[in-house]
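Quick notes on the structure that follows.
Protein chains: 2
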Amino acid sequence: MDAAAGAPPRGFPEAEFAQRTEKAQAAMAEAGLDALLLTTEPEVRYFSGFLTQFWQSPTRPWFLVVPAKGKPVAVIPTIGADCMARSWIDDIRTWSSPQPDDDGGSLLAQALTELAGKTGRIGLAKGKETQLRMPLADFERLTWSLPGMVFEDATAILRNLRMVKSEREIAKIAYVCDVVSGAFEAAPQLFAAGQSDIEVFRSFKIECLKRGVDDVSYLVGGAGQGGYGDIISPPSGRTLREGDVLILDTGCLFDGYFCDFDRNFAIGRADESARRAYDVVWRATEAGLQAARPGVTCAELFAAMQGVLEGGGAKGNDVGRLGHGLGMQLTEWPSNTPWDRTVLEPGMVLTLEPGMTFAEGKVMVHEENIVVREEGPELLTRRAPPELPVI
Amino acid sequence: MDAAAGAPPRGFPEAEFAQRTEKAQAAMAEAGLDALLLTTEPEVRYFSGFLTQFWQSPTRPWFLVVPAKGKPVAVIPTIGADCMARSWIDDIRTWSSPQPDDDGGSLLAQALTELAGKTGRIGLAKGKETQLRMPLADFERLTWSLPGMVFEDATAILRNLRMVKSEREIAKIAYVCDVVSGAFEAAPQLFAAGQSDIEVFRSFKIECLKRGVDDVSYLVGGAGQGGYGDIISPPSGRTLREGDVLILDTGCLFDGYFCDFDRNFAIGRADESARRAYDVVWRATEAGLQAARPGVTCAELFAAMQGVLEGGGAKGNDVGRLGHGLGMQLTEWPSNTPWDRTVLEPGMVLTLEPGMTFAEGKVMVHEENIVVREEGPELLTRRAPPELPVI
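So the protein lines, in turn, are chains A and B. Position in the first sequence (from 1) plus 523 gives the number in our numbering. Position in the second sequence (from 1) plus 523 gives the number in our numbering.
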């Protein structure tokens, strides 16, 4: 098993970062913004290519400033200087972090003043599905120290840019979807009654790594007699039994890009009610695959799937949506909900994730990953079987 | 290889959460706070036991409110209700998330008003090594909607509590440190010249999983002829060569608790300068092991290690500190720096991480994990060999 077989190249050519930056700058000009202040891993990586798991340490803040013209400027702890120097960024300003009082704040203030002017309008992500990744007290101090500047929400700019993936981004997502599809297809060799769910999770993680993913960042699931009730918990040590329905939902990574899909398995035998629920969510996904064309809204995509779920007797859905965007994060904008009016465009990568409660405390969730093309959706995952597989 | 052999029990008894909550409430009373508002994964988990990788999705905010008396109250998306119901929390308030306009905000405002009063003083983490994990615009709306309330920094309360680990927490960290020590000791069977660094990382991850960690959340490293220059990058595809020094630095998880340590290996042969640098950082760690006793400050612990590094010809250190706390996060307070006056107490779990630049672009970093005991430090990792191992 050659893990590297068929893997797309790692990284991106500089032209891709230049294009992202120019598109952001065009949107900034329209919005009257003089700079973007980026503080989170995906935001910084999107405009720089800076890829490291070091973000898992909450100790140090990291900043990237996108000026109105020219390349972004990095304001980062010294420990990241070498890694950032291998990106397309030229202007890298560092300080020895952590520091007790001024942990990059004055260096950042200086960069913002230089790039946006003392009365500049600075955009940052304040909206849905975003966070500020610097201590709140440091952000308050920053804004007080720059009284002439205005800090306003730029979520729409980042959202609109990142929702539409480039072919290079799609290739990375497609690769990890394909590798993990293979791991799920190996389920009959991996899972069996008598195994603890901890071993189920462990063997699946190892299988995904062996097949070529970089990391199994996210693996949740559940199992229960005739159906599972909870899809976000870690394994508990419960033993898999004949008559269980098992779901595994995974976000694996290749070169910083996620898949996010699940698969259901009946252990030994499948109850009639579980088979019927599986059929409903499978057909709801089919309806999503029919609907997911350019020009359609997420609300319409939701309605197409929801109609099948309701026709199939769904008793509600705790997930709150029927799929979402994905890419550099496990979940990204948009959301397949009745209220999300985002219009699908070619290059958007989405999950179709119909789920339903089909009996007291029993849930069935299904998920595929697609990219929207001119001619309709292209599956990135290998389509799950139309009947609940028994292993 | 039985992955579960010797593993401590998962989870915590309710008494542990009750004790954490009571200690927080005592500190809140002293600080005049009527409630704590918690928004991040470690904060919510510390007071509830709510453990799920679902936090990787940035879509939905999650809240836990610690009142002045009684159990914490969860204000969370419906998708988490089942998982939270298995925790010790009784009062679980849910809303269907994501929502376009009011994504938990009014439910949270109601809970805060009920628990802290309209003019309550609410503590939240605004300080060093913290983040606010809700959209900034939602937080601004929340504070505007509660004009009588005061929101102030409660980092010190959370920091002081979480820095000192319970025996059950220590047992989880000790287990993952031991398992990963074994994986590192298997290095001669795993790594060899001619292998790509991508395969080095992959085989190490699989080895750690096989031996019993739940997740290899963090693995960074580097290799280079006679020494490496960068310790936070992902593998690049470079082929390991004779004469390389390889470092792997990993944060693996068991039941939500991290190890964080590294190991160095010379491939085929070791240059004299690399061997000397290894000897210096190994001896600096010994100095740290001598110094890390109750009553000593982190600054004094830093000084003990720094003295050896300077005596050994260190040309600086890009990491910015010589170790840190760890536990529910890869890195936690405190920091082994000249300015951190935290006094070591029994139960604190720390990394000793002396690092130095020993030649142009060449770094040597060493790391062990300890718990501070009354009688001195107890190693949680199996001590690295005193000489740079050649494999």
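Think of the CB as a built atom: it goes at the ideal place given N, C-alpha and C, for glycine as much as any other residue. Please read these numbers as outputs of a predicted model, since none were measured by experiment.
*asked:* Rounded to the nearest angstrom, what separates B:L763 and B:M879 at their Cα positions?
replied: Walking along the second sequence from the start, residue 763 of chain B turns up at place 240. Walking along the second sequence from the start, residue 879 of chain B turns up at place 356. Using only the alpha carbons, I get a separation of about 22 Å.
*How would you list, in chain order, the residues of chain B whose beta-carbon sits under 9 Å from the beta-carbon of A:R656?*
On the first sequence, position 133 is the one that residue 656 of chain A refers to. Simply Q654.
_Taking only three categories from DSSP, how would you classify A:E566?_
Here residue 566 of chain A refers to the residue found at position 43 of the first sequence. Here A:E566 sits in helix by DSSP.
*Can you list, in chain order, the residues of its chain whose CB lies under 8 Å from that of A:F662, leaving out five sequence neighbours each side?*
Position 139 of the first sequence holds residue 662 of chain A. The answer, listed in chain order, is L655.
*Which residues, taken in chain order from the region 590-610 of chain B, show a beta carbon closer than 8 Å to some beta carbon of chain A?*
P600, T601, I602, G603, A604, D605, C606, R609
*asked:* For B:E730, which residues in the same chain have their Cβ closer than 7 Å to its Cβ, ignoring the five residues on either side in sequence?
replied: Residue mapping note: residue 730 of chain B aligns to position 207 of the second sequence, counting from 1. A706, A709, L713, listed in sequence order.
*asked:* If you follow the beta strand (DSSP E) that A:L587 is in, where does it begin and where does it stop?
replied: On the first sequence, position 64 is the one that residue 587 of chain A refers to. Element bounds for A:L587: 586-590.
*Roughly how far, in whole angstroms, is the beta-carbon of B:T582 from the beta-carbon of B:P623, given that I think they are within contact range, below 8 Å?*
In the second sequence, the residue the question calls residue 582 of chain B occupies position 59. In the second sequence, the residue the question calls residue 623 of chain B occupies position 100. Actually they do not touch by this definition, with Cβ atoms about 12 Å apart.
*Listing by chain order, which chain B residues have their CB less than 7 Å from the CB of A:G843?*
Walking along the first sequence from the start, residue 843 of chain A turns up at place 320. Those within 7 Å of A:G843 in chain B are P600, T601, I602, S619, S620, P621.
*Assign B:A677 to one of two classes, buried (16 or more other C-beta atoms within 10 Å of its C-beta) or exposed (fewer than that).*
Stepping through the second sequence from its first residue, residue 677 of chain B is reached at position 154. That one is buried.
_Taking the beta carbon of B:D525 as the centre, do at least 16 other beta carbons fall within 10 Å, making it buried, or is it exposed?_
As a working note, residue 525 of chain B is residue 2 in the second sequence. Residue placement at B:D525 is flagged as unreliable, the pLDDT there being 40, under the threshold of 50; the coordinate-derived value follows with that caveat. That one is exposed.
*Which residue from A:D720, A:Q718, A:Y751, A:V699 puts its Cα closest to that of A:K733?*
For the purposes of this step, residue 733 of chain A is taken as the residue at position 210 of the first sequence. Of the candidates A:D720, A:Q718, A:Y751, A:V699, the one whose C-alpha sits nearest the C-alpha of A:K733 is A:V699.
*asked:* Against chain A, with Cβ distances strictly below 8 Å, would B:H847 count as a contact?
replied: Against the second sequence, residue 847 of chain B aligns to sequence position 324. Output row for B:H847: interface = yes.
*Helix, strand or coil at A:F788 according to DSSP, with G and I counted as helix*: Locating residue 788 of chain A in the first sequence gives position 265, where the first residue counts as 1. Strand.
*Of all the residues that make up the region 578-589 of chain B, which are near chain A by a beta-carbon distance shorter than 7 Å?*
Q579, S580, P581, T582
_Length of the line joining the Cα atoms of B:R761 and B:L853_ = Locating residue 761 of chain B in the second sequence gives position 238, counting from the first residue. Locating residue 853 of chain B in the second sequence gives position 330, counting from the first residue. Rounded to the nearest angstrom, the two C-alpha atoms are 27 Å apart.
*Rounded to whole angstroms, how far is the Cβ of B:K695 from the Cβ of B:P531, which I believe are closer than 8 Å?*
As a position in the second sequence, residue 695 of chain B is number 172, starting the count at 1. As a position in the second sequence, residue 531 of chain B is number 8, starting the count at 1. B:K695 to B:P531, Cβ: 6 Å. Contact.
*In the structure shown, what three-state DSSP assignment does A:I615 receive?*
Residue 615 of chain A sits at position 92 when you count from the first residue of the first sequence. Note: A:I615 maps to strand in three-state DSSP.
_Strictly below 8 Å CB to CB, what residues from chain A border B:W805?_
Here residue 805 of chain B is taken as the residue at index 282 of the second sequence, counted from 1. Those do not exist, as B:W805 stays about 21 Å from chain A at its closest Cβ, beyond 8 Å.
*Residue from A:A648, A:V702, A:S668 with nearest C-alpha to A:A679*: Position 156 of the first sequence, counting from 1, holds the residue named residue 679 of chain A. Cα-wise, what sits closest to A:A679 is A:A648.
*Looking at the structure shown, is B:K838 part of a helix, part of a strand, or coil, going by DSSP?*
Start at 1 with the first residue of the second sequence, and residue 838 of chain B comes out as number 315. B:K838 falls in the coil class under three-state DSSP.
*Segment limits, alpha helix (DSSP H) that includes A:Q748*: As a working note, residue 748 of chain A is residue 225 in the first sequence. Run containing A:Q748: none in the alpha helix (DSSP H); it sits in the beta strand (DSSP E), 738-748.
_What does DSSP give as the partner residue(s) for A:F674 in the beta ladder?_
Translated into positions along the first sequence, residue 674 of chain A becomes position 151. In the DSSP output, where bridge partners are listed per residue, A:F674 has A:I645.
_Please state the DSSP three-state secondary structure of A:M524._
Residue numbering aside, residue 524 of chain A sits at position 1 when the first sequence is read from its first letter. Residue placement at A:M524 cannot be trusted, given a pLDDT of 38 that sits under 50; the coordinates are not used to answer.
*asked:* Relative to the C-alpha of A:L574, which candidate in A:P857, A:A549, A:D605, A:T544 has its C-alpha closest?
replied: Residue mapping note: residue 574 of chain A aligns to position 51 of the first sequence, counting from 1. The shortest C-alpha separation from A:L574 is found at A:D605.
*Just the C-alpha distance for A:H847 and A:R798, rounded to the nearest angstrom, thanks.*
Within the first sequence, the letter at position 324 stands for residue 847 of chain A. Within the first sequence, the letter at position 275 stands for residue 798 of chain A. One C-alpha to the other measures close to 25 Å.
*Can you name, in chain order, every residue of its own chain whose Cβ lies under 6 Å from the Cβ of B:F781, other than the five neighbours on each side?*
Looking up residue 781 of chain B in the second sequence gives position 258. Once the five neighbours on either side are set aside, the close Cβ partners of B:F781 are G774, L849, L853.
_Quick check on the DSSP output: the alpha helix (DSSP H) that includes A:E722 runs from which residue to which?_
For the purposes of this step, residue 722 of chain A is taken as the residue at position 199 of the first sequence. Here the alpha helix (DSSP H) through A:E722 covers 720-734.
*Can you tell me the Cα-Cα spacing of A:R690 and A:D772, whole angstroms?*
Looking up residue 690 of chain A in the first sequence gives position 167. Looking up residue 772 of chain A in the first sequence gives position 249. Just to set this straight, residue 690 of chain A is Glu in the shown sequence, not Arg. When rounded, the distance between both Cα atoms is 25 Å.
*Nearest to B:I754 by CA position, among B:A558, B:E833, B:V894, B:H889, is which residue?*
One-based indexing of the second sequence puts residue 754 of chain B at position 231. Checked all of B:A558, B:E833, B:V894, B:H889; the closest Cα to B:I754 is B:H889.
*DSSP three-state call for B:E553: helix, strand or coil?*
The count along the second sequence starts at 1 and reaches residue 553 of chain B at position 30. Residue state, collapsed to three classes: helix.
*When we look at the beta-carbon of A:R543 and count the other beta-carbons within 10 Å, is it buried (16 or more) or exposed?*
Reading the first sequence from its first residue, position 20 is the one you call residue 543 of chain A. The residue in question, A:R543, is buried, as its Cβ has 16 or more Cβ neighbours within 10 Å.
*Going by DSSP, name the residue or residues bridged to A:Y751.*
Here the question's residue 751 of chain A lines up with position 228 in the first sequence. Bridge partners of A:Y751: A:V886.
*Is it the case that the Cβ atoms of A:D785 and A:C821 are separated by a distance below 8 Å?*
Locating residue 785 of chain A in the first sequence gives position 262, counting from the first residue. Locating residue 821 of chain A in the first sequence gives position 298, counting from the first residue. Not in contact: A:D785 and A:C821 (Cβ atoms no closer than 8 Å).
*If you draw a straight line from the alpha carbon of A:E901 to that of A:L824, how long is it in whole angstroms?*
Here residue 901 of chain A refers to the residue found at position 378 when the first sequence is read from its first residue. Here residue 824 of chain A refers to the residue found at position 301 when the first sequence is read from its first residue. Their Cα atoms are separated by approximately 15 Å.
_Close-in-space but distant-in-sequence residues of the same chain around B:V739 (CB under 7 Å, 5 per side omitted)_ = On the second sequence, residue 739 of chain B is found 216 positions in, with the first residue counted as 1. Here the set comprises K728, C731, L732, T773, C775.
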